[in-house]
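Input: a single structure, listed below in structure tokens.
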Amino acid sequence: MHDVVVIGAGPGGSTAARLLARSGLNVLIFDREAFPRIKPCGGGLTTRALTLLPKGYESQIRARPTKWQFEGRRTNGQSRVVTTLKPYSHIVERAHFDAWLVEQAQKEGAAFHPNEAALAIEESAGGYLVKTNRGRYPTRYLVGADGARGISARTLGIPRARNGAAIEAEIPVPPALYEAWRETVAISVSEYSWGYAWVIPRHPVLNLGVGSFRASRMKLRELLRAWVEAKLGWEYGQDLRPLGHPLPHRYRVQQLAKRRALLVGDAGGLMDALSAEGIYSALWSSTIAAKAILAASAHDGGLEAYDDLLQSELWPELRSAAKVALLFYPLPGLWSKLFLATPRLIEQYLCVAQGEAPYTSLLALGKAAFLKQAHLARRPY
Ligand SMILES: Cc1cc2nc3c(=O)[nH]c(=O)nc-3n(C[C@H](O)[C@H](O)[C@H](O)COP(=O)(O)OP(=O)(O)OC[C@H]3O[C@@H](n4cnc5c(N)ncnc54)[C@H](O)[C@@H]3O)c2cc1C
Numbered sequence: 002m003h004d005v006v007v008i009g010a011g012p013g014g015s016t017a018a019r020l021l022a023r024s025g026l027n028v029l030i031f032d033r034e035a036f037p038r039i040k041p042c043g044g045g046l047t048t049r050a051l052t053l054l055p056k057g058y059e060s061q062i063r064a065r066p067t068k069w070q071f072e073g074r075r076t077n078g079q080s081r082v083v084t085t086l087k088p089y090s091h092i093v094e095r096a097h098f099d100a101w102l103v104e105q106a107q108k109e110g111a112a113f114h115p116n117e118a119a120l121a122i123e124e125s126a127g128g129y130l131v132k133t134n135r136g137r138y139p140t141r142y143l144v145g146a147d148g149a150r151g152i153s154a155r156t157l158g159i160p161r162a163r164n165g166a167a168i169e170a171e172i173p174v175p176p177a178l179y180e181a182w183r184e185t186v187a188i189s190v191s192e193y194s195w196g197y198a199w200v201i202p203r204h205p206v207l208n209l210g211v212g213s214f215r216a217s218r219m220k221l222r223e224l225l226r227a228w229v230e231a232k233l234g235w236e237y238g239q240d241l242r243p244l245g246h247p248l249p250h251r252y253r254v255q256q257l258a259k260r261r262a263l264l265v266g267d268a269g270g271l272m273d274a275l276s277a278e279g280i281y282s283a284l285w286s287s288t289i290a291a292k293a294i295l296a297a298s299a300h301d302g303g304l305e306a307y308d309d310l311l312q313s314e315l316w317p318e319l320r321s322a323a324k325v326a327l328l329f330y331p332l333p334g335l336w337s338k339l340f341l342a343t344p345r346l347i348e349q350y351l352c353v354a355q356g357e358a359p360y361t362s363l364l365a366l367g368k369a370a371f372l373k374q375a376h377l378a379r380r381p382y
């Protein structure tokens, strides 16, 4: 019997497996894909995400852009490029980054089975029996890290998160065009209901994408084609092969542990509902999960502590992100205008986006800027 079976080897699963194996537990992690596998993702890591990575992560960073270009509503005709003192984001290529992370878990002693899919999870007296396309694995504890399209949440009876969607394309560009973008991340909220489009430099390609938290109303593929043409000045035909993936998020706290099983990262719907940053949540929830499992396994107990730890260490920030999202996305034109006219708001947003300040600081400043604008608009002269 394993101490822990981890389903899914994204950043969440690999981190939980690494920390638990390092502490001496007998850990099996498997993934339905062969590694390295493709995961549609911008690959942008914030500073706070870097602090949760194992030693040697620097080798995985492909770019450290310091310029941030923001486009508001097109009707406002406004955009701004802000140069930051520190990298706006640290960019990894997910196929290699995820393969490297699972290697670090293996180095700590976790067994890894690629190409193996969880098909069913059954409760047993001492824990669970996980059935896959290749075997049956009894385990005392279970980590569901199988992302937005996994089976863990459904099988454990934990309500699914809301799903937005995003698509992206990796675009090989001539070196001169890459050079022009090397330092810049572009974000546009101009035509993307409840979402945005982006350009991210990831040496030697550019990653362009469009995402929305209410994607069912949008034709993402057409919007991506138009965005690529607008930003790169190229007409893309059939050779633009975008990949799509859900954006699982929640506006309300949800319990993610049941008995001796828990969900981390996208499987739990722990994505930031404003920015779609999900790697940090996957890393942090897994770190908390490892803590809870280690404590529980010492006395063969349940995992209630996981939800308590999430409640104090991750949900407050996710809920603040959701509050900002619920203010921003219904009125992107108004907020973009205010945003571009208020340098302190831009500065504070960048601190939040770089993972160095909490959303509550942005909420307070945003409210003050809004009230000031409303006051000026009411003045008769
Ligand atoms: C287009 C796009 C752009 C994004 N850009 C960013 C960004 O720039 N920065 C950021 O922080 N976040 C970004 N995100 C979010 C980020 O990609 C996810 O939040 C993150 O990958 C979550 O990690 P995870 O480990 O929870 O899940 P995943 O990375 O999705 O890993 C889950 C793993 O489980 C495996 N699996 C699924 N089902 C089974 C099964 N039944 N049996 C075995 N294995 C299974 C899958 O193969 C997969 O490897 C983006 C998302 C999208 C869609």
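Once you know that position 142 of the sequence shown is 143 in this note's numbering, the rest is easy, because the numbers rise by one and skip nothing. C-beta atoms are modelled at their ideal positions from N, C-alpha and C, and glycine is treated no differently.
Whole-Å CB distance - residue i paired with residue j, under 8 Å assumed
i	j	result
ASP4	LEU26	4 Å
GLY9	ASP147	4 Å
ILE30	SER15	7 Å
TYR281	ALA96	With 8 Å as the limit, TYR281 and ALA96 do not qualify as a contact, their Cβ atoms being about 19 Å apart.
ALA297	GLY303	6 Å
LEU257	VAL325	In fact, because the Cβ distance is near 22 Å, the residues do not count as touching under 8 Å.
GLY57	ALA283	The Cβ separation is near 19 Å, so there is no contact.
ALA162	PRO249	4 Å
ALA181	GLY210	Going by Cβ atoms, the distance from ALA181 to GLY210 rounds to 19 Å, so no, they are not a contact pair.
GLU318	PRO359	6 Å
Pick from the options that is closest to residue i, judged by C-alpha positions
i	options	result
GLU314	LYS324, LEU271 and TYR350	LEU271
GLU236	ASP147, ALA227, LEU257 and LEU244	ALA227
GLU109	VAL83, ALA18, ILE188 and GLU180	ALA18
GLN355	ILE347, LEU341, SER217 and THR48	THR48
LEU143	PHE329, ALA283 and ALA154	ALA154
GLU169	HIS97, LEU157 and GLU223	GLU223
ARG74	SER189, PRO317, GLY234 and GLN374	SER189
LEU207	TRP199, SER213 and PHE214	TRP199
ALA177	PRO205, SER191 and TYR138	PRO205
LYS87	PRO55, CYS352, ALA358 and GLN374	CYS352
LEU46	GLY127, GLU348, GLY279 and LEU295	GLY279
ARG260	ALA277, VAL211 and ALA293	ALA293
ARG215	VAL254, GLU192, ASN164 and VAL174	ASN164
GLU94	PHE340, ARG203 and GLY212	ARG203
ILE152	LEU248, GLY245, LEU120 and TRP182	LEU120
ALA201	ALA277, TYR193 and GLU171	The question names Ala, yet the displayed sequence has Ile at residue 201. Among ALA277, TYR193 and GLU171, the Cα nearest to that of ILE201 is on GLU171.
TYR330	VAL265, GLY212 and LEU244	GLY212
THR67	TRP336, TYR89 and LYS373	TYR89
ALA118	GLN105, GLY234, ARG137 and THR288	ARG137
LEU241	LEU225, ARG251, ARG253 and ALA358	LEU225
VAL174	LEU53, LEU332 and GLY234	GLY234
MET2	THR156, GLU305, VAL229 and GLY127	GLY127
ALA277	ILE347, TYR129 and TRP195	TRP195
THR84	TYR179, LEU363, LEU130 and GLU184	GLU184
ASP32	PRO115, PRO247, LEU335 and LEU372	PRO115
In DSSP terms, what residue i is bridged to
i	result
TRP182	Paired residue(s): none; TRP182 is not in a bridge.
GLU72	SER80 and SER189
GLU123	LEU130
PHE31	ILE8 and HIS114
SER213	ALA166 and GLY196
ARG137	LYS132
MET272	HIS250
ILE62	VAL93
LYS259	ALA262
LEU103	The amino acid occupying residue 103 in the given sequence is Val; Leu does not appear at that position. None; VAL103 has no bridge partner.
ARG23	Its beta-bridge partners do not exist; DSSP assigns none.
TYR142	VAL5
ILE201	ASN208
PRO173	VAL206
GLY245	ILE168
GLY45	ILE92
Counted within 10 angstroms of its Cβ, other Cβ atoms place residue i as buried (16 or more) or exposed
i	result
LEU102	buried
VAL28	buried
ALA299	exposed
GLY269	buried
LYS232	buried
LYS220	exposed
ASP301	exposed
LEU263	buried
GLN70	buried
ALA35	exposed
VAL82	exposed
PRO344	exposed
ALA290	buried
ALA365	exposed
PRO333	buried
GLY266	buried
LEU311	buried
THR52	exposed
Any non-hydrogen atom of ligand 2 closer than 7 Å to residue i Cβ
i	result
GLY44	This structure does not include ligand 2; its bound ligands are ligand 1.
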